[in-house]
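Here the structure is laid out as structure tokens; the discussion comes afterwards.
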Amino acid sequence: MSPSAPRSAPALLLLGALLALAPFTPAAAALVGGATLALTVGNPRLALTRTWTHRLLPLAVVGLGADMNLRAVAKAGLHGLGYTALSLALVLALGLWLARLLKVDREAGLLISVGTAICGGSAIAAVAPVVRAREQAISVALATVFLLNAAALVIFPPIGHAAALGQEAFGLWSALAIHDTSSVVGAGLAYGPRALEVATTVKLARALWIVPLTLGIGWLVARREPAAPGAPPLKKPWFIAGFLVMAALVTFVPILQVPGHFVAVAARRVLVLTLFLIGAGLSREALRNVGLRPFLQGLLLWLIVGSLGLGAVKLGWLTVG
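For the sequence shown, our numbering begins at 1033 and goes up steadily by one.
Set out below in structure tokens:
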């Protein structure tokens, strides 16, 4: 335990985790509560909470598949294939241009752009070893994405209601404009069951692009400089396959639909717990390391993507089906 952390910190951390599992705790409150705890009394189990964050988030996403229809997942992925590819290319180009304009560190600017284009921290974690990013650049990108994710989870549902978005429209918009899968699912959960279904399916279909994008960036980097010996292997987003398998089971084996529903309910609570742990994983050092320029790049890119996405969904240019 950190010497600066009060004796009550472990008990408060455990209490917060238990409250996150309670059915009355909303996703946004769990995330904000975890961050507040970390930035005030401190997190005496920082390494442990980060480890369990990486373990629980994929499991929660897989569990959510138990309440989904595989046909809807496939439809969302195929329907959005064209504009997903186009939007990824545009967001990456815009992000790199903003990084150059604001004179952001090259590695941090690339990671922030990739994280905004696909799925936040997961994309950053996948691309960072490929470009052999420095720890400082990774921390800056992750902290920037975390702050914007936390903001999105809190403000997107009220904006959706103010814009009179239906659940399908909100689910689509949140999947396009929020970075991490955890916050996308959390925002959909707060908005309604159909919003949750659309947000999850569209976001996971979008997350599949981690693999070709990472391989493409790796190929470009390999052309410029040889791979370093002992470089970390590419992390495979196995939870996407798990989600699809779970959705297939409940779709094609009707007897599994009732137990699948209970699995999904439990997965939603695990997701809220994960959001609490993500918040508790924030550190004052990470906030100090962000700096104004990288955060400004991430903020401007996020605002542009979110505004254009909201307009396109509101005008009916982008639809679920």
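The beta carbon of each residue, even a glycine, is placed where N, CA and C say it ideally should be.
### Task
Could you tell me how far apart the beta carbons of residue 1323 and residue 1217 are, in whole angstroms, since I believe they sit closer than 8 angstroms?
Actually they are not in contact, since the Cβ atoms of residue 1323 and residue 1217 sit about 29 angstroms apart, beyond 8 angstroms.
### Distance, residue 1201 Cα to residue 1351 Cα
Taking the CA atoms as reference points, residue 1351 sits about 7 angstroms from residue 1201.
### Task
Look up residue 1263 in the DSSP assignment and say whether it is helix, strand or coil.
Only weak support exists for where residue 1263 lies, its pLDDT of 49 falling under 50; the coordinates are left without a value.
#### Entry: Check whether residue 1066 and residue 1176 have beta carbons under 7 angstroms apart
At least 7 angstroms separates the beta-carbon of residue 1066 from that of residue 1176.
### Query
From residue 1230 to residue 1204, what distance separates their C-alpha atoms?
Residue 1230 and residue 1204 have their C-alpha atoms spaced approximately 6 angstroms apart.
#### Entry: residue 1272 to residue 1245 span [Cα, whole Å]
Distance from the CA of residue 1272 to the CA of residue 1245, rounded to the nearest whole angstrom, comes to 16 angstroms.
### Query
When you compare each of 1317, 1091, 1328 to residue 1070 by their alpha carbons, which one comes out closest?
Taking only the C-alpha atoms, the option nearest residue 1070 is 1317.
### N-terminal and C-terminal residue of the alpha helix (DSSP H) that residue 1346 is part of
Note, residue 1346: alpha helix (DSSP H), 1324–1346.
### Message
Once the 5 residues before and after residue 1150 are set aside, which same chain residues still bring their CB inside 6 angstroms of it?
### Response
Within the same chain, residue 1150 has close Cβ partners 1241, 1242.
### Cα-Cα separation between residue 1128 and residue 1141, rounded to whole angstroms
So the two alpha carbons sit approximately 6 angstroms from each other.
### Task
Report yes if the CB atom of residue 1219 is closer than 7 angstroms to the CB atom of residue 1189, and no otherwise.
Yes, these two residues count as a Cβ contact at 7 angstroms.
#### Entry: Inter-residue Cα distance where the pair is residue 1122 and residue 1078
Each residue's Cα considered, the two are about 36 angstroms apart.
### Query
What distance in whole Å lies between the Cβ atoms of residue 1096 and residue 1296, which are believed to be in contact at a cut-off of 8 angstroms?
Indeed they touch by this definition, with Cβ atoms about 6 angstroms apart.
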